[in-house]
Amino acid sequence: MNTAAEWIWAFEFEPEREARREVLCGLANGYVGIRGAEPEHVADGTHYPGTYAAGCYNRLRDSVDGLPVETESLVNLPNPLALTIRAEDGGWLGGAGVELIESRHELDTRHGVLTRRARCRDRAGRTTTIVQRRFVHRVHRHAVGLRTIVVPENWSGTLTVRAGIDGRTTNSGVRRYQALSNAHYEVEQLSNPAPDTSLSVVETTQSRIRIALAARTRVAPGLEPVRSHPVVPVGAGQAATELSAAVTAGTAATFDTTAVVYTSRDPAVSEPALAATERIRGLPTFDDLCETHMRAWRQVWQRFRFRLSSERWRLTHAARLDLFHVLQTVTTHSADLDVGVPARGLHGEAYRGHVFWDELFVLRTRCLREPEVVRGVLRYRYRRLDRARRAARDVGQRGACYPWQSGSDGREENQRLHLNPASGRWIPDETALQRHIGLAVAYNVWQYWQASGDLQFLEQYGAEMILEIARYFASIADYHAGRGRYVIRGVVGPDEFHTRYPGAARPGIDNNAYTNIMTVWTMMRAQDALAVISDRRRSELRESLRLRSRELRRWEELSRRMFVPFHSDGVISQFEGYPELAELDLAALRARHGDIRRLDRILGSTGDDPNRYQVSKQADVLMLFYLLSADELRELLGRLGYSLPAHAVPRTIDYYLARTTHGSTLSAMVHAWVLARSRRAEAMEFFVRGLESDIGDVRGGTTGEGVHLGAMAGSIDTMERCFGGLETRDGMLWLNPYWPVSLGTLEFDIAFRGHLLRVRISGAGAKVTSLAGQTPVRIGCRREIRTVGPGQAVTFVGPLRRRA
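Start counting the sequence shown at 495; every next residue gets the next number (the working numbering).
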């Protein structure tokens, strides 16, 4: 396979899959994201222009079935790359009078450039070729660019280009949200500061964020004569300029559009309209911008270098696309903006742009390459610590209760009602009881500290978050005298299919194993954090948090006496009472319905309820094996007085694998992980399924609503941490490779505690080379521990085993 081809993704025009293509061809830089919609189109059921600025949320209120519903959404901003053309007095491209003969898009993931090649014909038979290139600048975060090259094939005459800003956009990209309000901004100003420049200023209706967009379109030198004048097309909210030029058949005419986006959330910006107007005047040419943009992307890929020496180039191809979308969504720009990790990227409106626990999957790949980005994302959580404290107080608890869905200010954004598309009915949404989101925040903080050694962050921000999260979970844990153990009642686990017991009046289930065990893990990390930080900071935190010795002793006791439910045969129970639920014949349901990933919707449409059955939407108990090594999990259970015999692990995996519908794209990666050590063929099937989940749109249309960022990041994480056995623990880098021999070798670069390391894995063996560093670092592989200094390399020889 040509190496260059591993970076290119080509898409032919398929109307029924255009939304998927627009998302997969979406471009972003962490500050702003623009879907890959063709510039001449408005939202029409096939095409959907979308422009999203990170952290730009707005709240709207509705009434559903007589109940008030308030939703906060990431706002779809005006489209700054709206552009169309016409030949002579013919119809406009994108309108009814022009036929699109061909349209092909190529996404260059190495350089972050989208190229479109199209041909159109108007009613007079005039045929025109169009080539367009666009980028969202990697360095100049406010800047985007679009070059349009027009070649008349069989006609000469006047070519007119209309380019500008379309402010008629709404948040209407998710069908199941259609019944709710979707107009999030009001147009304040439309103007043309110069004959070739358009300006649009809007303000969100509730959050009062001002957004200014300026777009400038110029014709390439040498094309004469040129007439340029501002126009305001029919329809409120649009501002544009028109350029007309005489063209000759077979001769190319080039038009360059550069645009900028500013919001009132931007640091050091007092007035977005002024900033946009000044910036568009001084913006470099399209060629200069494109050159610096592509150079920046090449530098990014040097930091995130990975290589598979294998004939299975498709895996590299897919992995590069997944990593590309992760790298362009969360960047150094977003680290400065007080924004989290939007679960569906800056690509669409599913989940309303909210921040979930997907950062648990996203940040792990960044800790060892761009720790400053992870630091910025974790500060998003720290800035909302007081809000999490208030949420805990509101329910009579202590500590910090982080929301399942977070947006602008850290309040719980989970919707009260949820539309079941299969039945058309609105039903209560109780998934906000997924308190384990706080455990994920604590886990991310600790993993960042382990990988970076950033003691300043741990002292200033991280330890306080871990302590307050531990305090919250200690406060919701009750002592059960009959068991002599602590229990946690009334929560929802990662599974999401089970939000209450059958027939129960109150929502929530008791003693979710994942929640209970990760609570113990968090209690232990809280104690570790106090031990690591300086005496002075420890004293300050204990004083400011009123953290008494008695409370710390209770945490210690809780970490040794937490209740974990088990089946009678040693399988870890998903929650207390799970084995008593009814069984379902999933094979029969698949035969009847085909796709049963969202079995909850299928059952709900017939008046049934997944709460009644032993069935899971996604990995729940098995998440423990994803986050913790087998040794770490055994240590935790042993601390609690439980044993995890060797046979109990495959038995637990088999039990839940047979009962999981994989209704979340995250599920495939977790199952690939837990199967990697014993059933590698099945693990590879899950790995490939997760790797290509958005590429293949396996969820039946949901890719068009935004990428599944957690699954995309999980594919890279699975390669490195699962098959490569990469782990940061106890201030060391650990390897336990189990790379399939059939895939050849895996090579990647990481940064670990001041060292740039190149890791090469082949089968069960590994070689680690320090390319740069100062003090030596310790590296462990299984039970062997070695020290590597600057410029040195260590090799670990794996045990003999059968070929994959």
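Every residue gets a Cβ at the ideal spot worked out from N, C-alpha and C, and that includes glycine.
Everything numeric in this text was worked out from a predicted model, so none of it was measured.
With at least 16 other beta carbons inside 10 angstroms of its own, D616 counts as buried. According to the DSSP assignment, W1228 belongs to the beta strand (DSSP E) that extends over 1226-1229. Fully enclosed alpha helix (DSSP H) runs of no fewer than 4 residues occupy 1203-1211 of the segment 1183-1234, in order along the chain.
Contact check for D750 and F780: beta-carbon distance about 4 Å, within the 8 Å limit, so the pair qualifies. Beyond the five residues adjoining it in sequence on each side, R797 comes within less than 6 Å, by CB distance, of R863 in the same chain, given in chain order. Straight-line measurement puts the Cα of A576 at about 10 Å from the Cα of A733. Annotation for A1162: the continuous alpha helix (DSSP H) segment containing it runs 1160-1169. Annotated three-state conformation of G651 is strand, per DSSP. Looking at the DSSP output, V558 sits in a beta bridge with L561.
With a cutoff of 7 Å on beta-carbon distance, A1175 and A1166 are scored as not near each other. Setting aside the 5 residues that flank it on each side, Q683 is surrounded in the same chain by V695, each with a C-beta closer than 6 Å to its C-beta; the list follows chain order. Our two residues, R1215 and A1162, have alpha carbons roughly 15 Å apart in a direct line. Secondary structure at E772: helix, using DSSP grouped into helix, strand and coil. Fewer than three pairs of CB atoms, one per stretch, sit closer than 8 Å, so the segment 1278-1285 makes no contact with the segment 894-910. For T1281, the uninterrupted beta strand (DSSP E) segment begins and ends at 1278-1282.
V794 is positioned such that its CB atom lies no closer than 7 Å to that of H636.
Of the other Cβ atoms in all chains shown, fewer than 16 fall within 10 Å of the Cβ of Q672; this residue is therefore exposed.
For A537, same chain residues with a beta-carbon under 8 Å away, outside a window of 5 residues either side, are P543, T663, T664, S666, G667 in chain order. Spanning the alpha carbons of G560 and V939 requires a straight line of approximately 42 Å.
When M1012, E582, V625 are compared, the shortest CA-CA separation from E596 is found for V625.
When rounded, the separation of the alpha-carbon atoms in G619 and E593 is 10 Å. A direct Cα-Cα distance of roughly 21 Å separates I931 from L1131. Here W920 really is in contact with V558; their C-beta atoms are around 5 Å apart, less than 8 Å. L1185 has its alpha-carbon roughly 18 Å from the corresponding atom of S1236. Excluding the 5 residues flanking it on each side, T1239 has same chain C-beta neighbours closer than 7 Å at S803, R1254, I1255, S1256, in chain order. Linking R1019 to R965 through their CA atoms gives a straight-line distance of about 12 Å. The residue among F1246, M1226, L693, Q822 with its C-alpha nearest the C-alpha of S1264 is F1246. Apart from sequence neighbours up to five positions away, the residues of its chain that approach D1243 with a beta-carbon distance below 6 Å are R799, R1252, ordered along the chain. Look at the beta carbons and you see the segment 1077-1084 not touching the segment 1006-1022: under three pairs across the two are nearer than 8 Å. For W807, the three-state secondary structure derived from DSSP is helix. Scanning its chain for C-beta atoms nearer than 6 Å, with the 5 sequence neighbours on each side dropped, one finds around T578 the residues E534, W586, L587, G588, R656, in chain order.
The segment 946-964 makes no contact with the segment 1000-1010: fewer than 3 CB pairs, one atom from each, lie closer than 8 Å. I703 is a Cβ neighbour of C550, given a cutoff of 7 Å. The C-beta separation of G839 from L1203 comes to about 5 Å, placing the pair in contact by the 8 Å criterion. Between I1003 and H992, the C-beta spacing is below 7 Å. Between R514 and G1208, the C-beta spacing is not below 7 Å.
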